[in-house]
Amino acid sequence: MPAAISVHDLRKSYDGVTALRGISFEVAEGEVFGLLGPNGAGKTTTVEILEGFRTRDGGEVLVLGHDPGKAPRALRERIGVVLQHSELVSNLTVRELLRIFAGYYRRRRDVGEVLELAGLADKGDARVRTLSGGQKRRLDLALALVGDPDLLFLDEPTTGFDPSARRTAWETIRSLRSLGTTILLTTHYLDEAQQLADRVAVIDAGRIVRLGTPAELIGASGKTEIRFRRDGAPVVIQTEEPTRVLHELTAEALAAGRELEHLEVLRPTLEDVYLELLAEEAET
Amino acid sequence: MRLVLHQLAAEQRMFWRSREAAIFVFVFPLLLYALLSSVYSDEIDGVPAGSVLLAGLFAYGAANTAFAGLAIILVGRREAGILKRLRATPLPPATYIAAVLLSTLTVFALQAVALLVLGVTLFGASRPANVLGFAGAVVLGVACFAAMGIGAAALIRSAEGSSAVVNVVLLPMAFLSGSFGPTRDFPDYLQAIADVLPLTYFLDLVNGVYLDGDSLLSRPGALGVVAAWGVAGLLVALRRFSWMPRER
Numbered sequence: 001m002p003a004a005i006s007v008h009d010l011r012k013s014y015d016g017v018t019a020l021r022g023i024s025f026e027v028a029e030g031e032v033f034g035l036l037g038p039n040g041a042g043k044t045t046t047v048e049i050l051e052g053f054r055t056r057d058g059g060e061v062l063v064l065g066h067d068p069g070k071a072p073r074a075l076r077e078r079i080g081v082v083l084q085h086s087e088l089v090s091n092l093t094v095r096e097l098l099r100i101f102a103g104y105y106r107r108r109r110d111v112g113e114v115l116e117l118a119g120l121a122d123k124g125d126a127r128v129r130t131l132s133g134g135q136k137r138r139l140d141l142a143l144a145l146v147g148d149p150d151l152l153f154l155d156e157p158t159t160g161f162d163p164s165a166r167r168t169a170w171e172t173i174r175s176l177r178s179l180g181t182t183i184l185l186t187t188h189y190l191d192e193a194q195q196l197a198d199r200v201a202v203i204d205a206g207r208i209v210r211l212g213t214p215a216e217l218i219g220a221s222g223k224t225e226i227r228f229r230r231d232g233a234p235v236v237i238q239t240e241e242p243t244r245v246l247h248e249l250t251a252e253a254l255a256a257g258r259e260l261e262h263l264e265v266l267r268p269t270l271e272d273v274y275l276e277l278l279a280e281e282a283e284t
Numbered sequence: 285m286r287l288v289l290h291q292l293a294a295e296q297r298m299f300w301r302s303r304e305a306a307i308f309v310f311v312f313p314l315l316l317y318a319l320l321s322s323v324y325s326d327e328i329d330g331v332p333a334g335s336v337l338l339a340g341l342f343a344y345g346a347a348n349t350a351f352a353g354l355a356i357i358l359v360g361r362r363e364a365g366i367l368k369r370l371r372a373t374p375l376p377p378a379t380y381i382a383a384v385l386l387s388t389l390t391v392f393a394l395q396a397v398a399l400l401v402l403g404v405t406l407f408g409a410s411r412p413a414n415v416l417g418f419a420g421a422v423v424l425g426v427a428c429f430a431a432m433g434i435g436a437a438a439l440i441r442s443a444e445g446s447s448a449v450v451n452v453v454l455l456p457m458a459f460l461s462g463s464f465g466p467t468r469d470f471p472d473y474l475q476a477i478a479d480v481l482p483l484t485y486f487l488d489l490v491n492g493v494y495l496d497g498d499s500l501l502s503r504p505g506a507l508g509v510v511a512a513w514g515v516a517g518l519l520v521a522l523r524r525f526s527w528m529p530r531e532r
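These protein sequences, in sequence, are chains H and V.
Position 98 of the first sequence, counted from 1, bears residue number 98 in this note's numbering, the numbering being contiguous throughout.
Take any residue in the second sequence, note its place counting from 1, add 284, and you have its number in this note's numbering.
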């Protein structure tokens, strides 16, 4: 499948401070790709270069076959952008604002359909200023969808959401994926990357330190955790040989006629892997 | 062209829907005209005060709408990330600017008509002696002061301060140029300052077309100064204007 985005050895400095030290990755058509990293890692810089907002110092970048540095209109017809921070013209209604944006695109989605997709179906006639923070963020998404984009950039789409609003946003993103939209999303929420992304690049201090599916990233870390309680006290064992250790533990308990209370065998989550990676990075 | 009209319609809707902008930009000069005309009720230098002040408030209105109003709107939109977001859509920047300028022209043309109606019906002002020249002055005023407004927007750093900054420039300029009444009793140094201000020369041109029936071209010196300020604003805008909000 052709790549929707390809980035090779991308470099960027601001006033002598290096933000990106040569990063490379590809995003396939129809894929949801997550850029995961702490604040200041270079996520937004990367996305804003791909969106055409910032120039690059070095490296090759292609977005839907175009160089975003030239910001051609043909490219802007096909992408949707949700910025990390942006406000909206507040004295218009939701539907008015969507109609204005729809007018900019040759190919466009029906405004009613967009309202439905973004979960704003009952807010079409509300003035923008009367929306809650989460609803404004959904309107941001709706505005990015009104041009029926092939590629959607979401820069920290759920930052500041309450848990139920995040679930709703995740559902929207999943339904877009099932419609075939390629999505590049940045997040510092690990569960978000794990829930949504087909593949994840972990980025730290301007470099990609790990890239793969969430399962691969977790699989790369060998340790499994075995937890149980012995005489009421919690016992935690981390091991790279869970079969052998578990066999010994259960044999011992059986021989002694005891129960391994609250026995759990846990694979590491992306969070464990991520924290481990960042800790390794900090050491080097 | 379709996109220019689409955006013009959007701009007009946003402008009239925002009461603060509509009152500050559209109503304020009309209000000042009514107030000043009630104070100076006789003649100024042999001309009915209602006419002299109409020319003055027309000139002030051009600067208020196109310089102050436009600068405040653009800085506000830039800092809110609205311009940045627009840059990610297929709307070409030139189309956007054209629509914003046409919207400003629409607002000021309506204001000029409102001033005339108010002046002629209530304050004994005359009709424009040269109607075509008067219409030309509407376009010239918007072109010059809008260029300065975009230039000012490029230099202003924050949305919070923009209204104060432009009015600190605009109100003294209007006062010194004679927009609010005659300046011949002003001390020499204030008149010397007035001699370099664009509004002084724009007012001179407006007096020419409105009171004397001259053409805009009959005062080439004044026209040159107004044009030079417009070009200066444009150069600053071209060099410094950014669509991106300032970081932090």
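We put the beta carbon where it would ideally sit given N, CA and C, even for glycine.
None of the values given here were measured: they were computed from a predicted structure.
- By the neighbour-count definition (other C-beta atoms within 10 Å, threshold 16), Asp15/H is an exposed residue.
- Taking all protein chains in view, the Cβ of Arg137/H is crowded by 16 or more other Cβ atoms within 10 Å, so the residue is classified as buried.
- Proximity of Gly219/H to chain V, defined by a Cβ-Cβ separation below 8 Å, is not satisfied.
- Contacts with chain H at 8 Å (Cβ-Cβ) include Gly365/V.
- Among the residues facing chain V, Ser86/H is included, as its CB has a counterpart in that chain under 8 Å away.
- Glu280/H counts as exposed, since fewer than 16 other C-beta atoms from the protein chains shown sit within 10 angstroms of its C-beta.
- Listed in chain order, the positions of the segment 425-457 of chain V with a beta carbon within less than 9 Å of a beta carbon of chain H would be empty, since no residue qualifies.
- Relative to Trp300/V, the option among Ser90/H, Thr44/H, Leu115/H and Ala121/H whose CA is nearest is Ser90/H.
- Secondary structure of Lys223/H (DSSP, three-state): coil.
- When CB distances to chain V are screened at a threshold of 8 Å, the residues of the segment 85-113 of chain H falling below it are His85, Ser86, Glu87, Leu88, Val89, Asn91, Leu92, Glu96, Ile100, Phe101, Gly103, Tyr104, Tyr105 and Arg106, in chain order.
- Taking C-beta atoms under 8 Å as the contact rule, Gly433/V and Gln395/V fail to qualify, at a distance of about 15 Å.
- Against chain V, the beta carbon of Glu156/H has no neighbour under 8 Å; the closest one sits roughly 14 Å away.
- In the DSSP assignment, Gly408/V falls outside any beta strand (DSSP E) and carries neither an H nor an E.
- For Asn39/H, the number of other beta carbons within 10 angstroms of its own is below 16, and it is reported as exposed.
- Contact check between the segment 22-34 of chain H and the segment 177-185 of chain H: three or more CB pairs, one atom from each, fall below 8 Å, which counts as touching.
- For Leu483/V against Ala318/V, the beta-carbon gap comes to about 21 Å, at or over 8 Å, which does not count as contact.
- Taken through DSSP and simplified to helix, strand or coil, Pro332/V comes out as strand.
- The segment 366-374 of chain V and the segment 404-423 of chain V do not touch, with fewer than 3 CB-CB distances between them shorter than 8 Å.
- Pairing Glu192/H with Glu171/H, the inter-Cα distance amounts to about 11 Å.
- Taking Ser463/V as the centre and dropping the five residues before and after it, the same chain places the C-beta of Gly340, Leu341, Ala343, Tyr344, Leu483 and Leu487 closer than 7 Å to its C-beta, in chain order.
- Residues of chain H whose Cβ lies closer than 7 Å to the Cβ of Leu375/V are, in chain order, Tyr104.
- The residues Gly119, in chain order, have a CB closer than 7 Å to that of Thr168/H in the same chain once the five nearest residues on each side in sequence are set aside.
- In this structure, Val520/V lies away from Gly445/V, with their beta-carbon atoms at least 8 Å apart.
- Contact annotation: Val384/V and Glu327/V have beta-carbon atoms that are not nearer than 8 Å.
- The C-beta of Arg129/H comes no closer than 8 Å to any C-beta of chain V.
- Under the 8 Å Cβ criterion, the segment 90-100 of chain H does not count as touching the segment 52-65 of chain H, having fewer than three qualifying pairs.
- Along the length of the segment 31-100 of chain H, whole beta strand (DSSP E) runs at least 3 residues long occupy 32-36, 58-63 and 79-82, reported in chain order.
- Less than 8 Å separates the beta-carbon of Ala144/H from that of Leu152/H.
- Between Ile477/V and Leu460/V, the beta carbon gap of about 6 Å places them in contact (Cβ cut-off 8 Å).
- The three-state reading of DSSP puts Phe525/V in coil, since its state is none of H, G, I, E or B.
- Taking 8 Å as the threshold, the shortest C-beta distance from Phe161/H to chain V does not fall below it.
- In the DSSP assignment, Gln238/H is bridged to Glu225/H.
- A contact between stretches requires three or more CB pairs, one per stretch, nearer than 8 Å, and the segment 75-89 of chain H fails this requirement with the segment 110-118 of chain H.
- By the neighbour-count criterion, in which 16 or more other beta carbons inside 10 Å mark a residue as buried, Pro234/H falls on the exposed side.
- The DSSP-derived three-state label of Ser499/V is coil.
- Residue pairing of Leu266/H in beta bridges, as defined by DSSP: Glu225/H.
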